[in-house]
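Peer 1: Residue numbers (my numbering), protein chains in the order written: chain A, 2 to 114; chain B, 693 to 809.
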């Protein structure tokens, strides 16, 4: 069974640009969550999508957005990149109710210069 | 808001020995879930063990076990017979219902575990 796949693995962008990250969940998983990991703030919840609808959102500015497609694949977008957006972005998938825990991907390392 | 605290930024253990990683959390919920995740240099977060708050019995997964003290809001991880492959960042995480069917994870800052051959 394929795991959670995130692309690309590494990305370098210039301040002010926008970026789109992709996440393909485990087959059958309908919930996809996104987390930002930085040395200073640790792991912070961005948002969760289920059946193409955002059902939970963390405390991030509106520059961070996401969407989910009918095949459960998800994308997150960051517009007007800032240096502080440099981070590891992790995607996690789970069954409809995620009390059993999430399965994470290997993340996308975004560097903003 | 729920918070998760890991008071040991770094720890080390001799190979084949036992080590315990500490975690405390703060919540007003009665129904919640606790997890330990491992993050090796490959960056992928791997679920190590899971505990349901309503279960008094401590969870065990092979060499990994937890000491869950609900009243004290403590959830420590014990690794027995430590192996070189156990070296990683370990994150304690809390999850409770947050509406609309969602159970978001709140993570601690992590403990970096080194295993000495």
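Even for Gly, the Cβ is constructed at its ideal location relative to N, Cα and C.
How about residue 760/B: is its C-beta nearer than 8 Å to some C-beta of chain A?
Peer 2: Position 68 of the second chain, counted from the first residue, corresponds to residue 760/B. By this cut-off, residue 760/B is not an interface position.
Peer 1: Residue 725/B versus chain A: which residues are under 7 Å apart at the beta carbon?
Peer 2: Sequence index remark: in the second chain, residue 725/B carries index 33 (1-based). The contacting residues are 100.
Peer 1: Just to confirm, are residue 30/A and residue 71/A a CB contact at a threshold of 8 Å?
Peer 2: As a working mapping, residue 30/A is identified with position 29 in the first chain. As a working mapping, residue 71/A is identified with position 70 in the first chain. Their beta carbons are not under 8 Å apart, which means residue 30/A does not touch residue 71/A by this criterion.
Peer 1: Considering residue 96/A, what are the terminal residues of the beta strand (DSSP E) in which it resides?
Peer 2: Here residue 96/A corresponds to residue number 95 of the first chain, with the count starting at 1. That residue, residue 96/A, is in no beta strand (DSSP E); it is neither H nor E in DSSP.
Peer 1: For the segment 8-58 of chain A, list the beta strand (DSSP E) runs that are entirely contained and at least 3 residues long, ordered along the chain.
Peer 2: Segments of the beta strand (DSSP E) lying fully in the segment 8-58 of chain A: 11-14, 20-25, 32-39, 43-51, 54-58.
Peer 1: Report yes or no: do the segment 745-752 of chain B and the segment 697-711 of chain B share at least 3 C-beta pairs separated by less than 8 Å?
Peer 2: Contact fails: fewer than three Cβ-Cβ distances are below 8 Å.
Peer 1: Flag residue 29/A as yes if its beta-carbon sits less than 8 Å from any beta-carbon of chain B, otherwise no.
Peer 2: As a first step, residue 29/A is located in the first chain; it is residue number 28 there, counting from the start. Chain B, which has no Cβ nearer than 8 Å to the Cβ of residue 29/A, makes this no.
Peer 1: Just to confirm, is the Cβ distance from residue 111/A to residue 18/A under 8 Å?
Peer 2: Position 110 of the first chain, counted from the first residue, corresponds to residue 111/A. Position 17 of the first chain, counted from the first residue, corresponds to residue 18/A. Cβ distance not < 8 Å, so residue 111/A and residue 18/A don't count as in contact.
Peer 1: Residue 803/B lies in the beta strand (DSSP E); which residues open and close that run?
Peer 2: By one-based count along the second chain, residue 803/B stands at place 111. Start and end: 803-808.
Peer 1: If residue 104/A and residue 20/A are in contact, beta carbons under 8 Å, what's the gap, nearest whole angstrom?
Peer 2: Taking the first chain and counting its residues from 1, the one referred to as residue 104/A is at position 103. Taking the first chain and counting its residues from 1, the one referred to as residue 20/A is at position 19. Going by Cβ atoms, the distance from residue 104/A to residue 20/A rounds to 24 Å, so no, they are not a contact pair.
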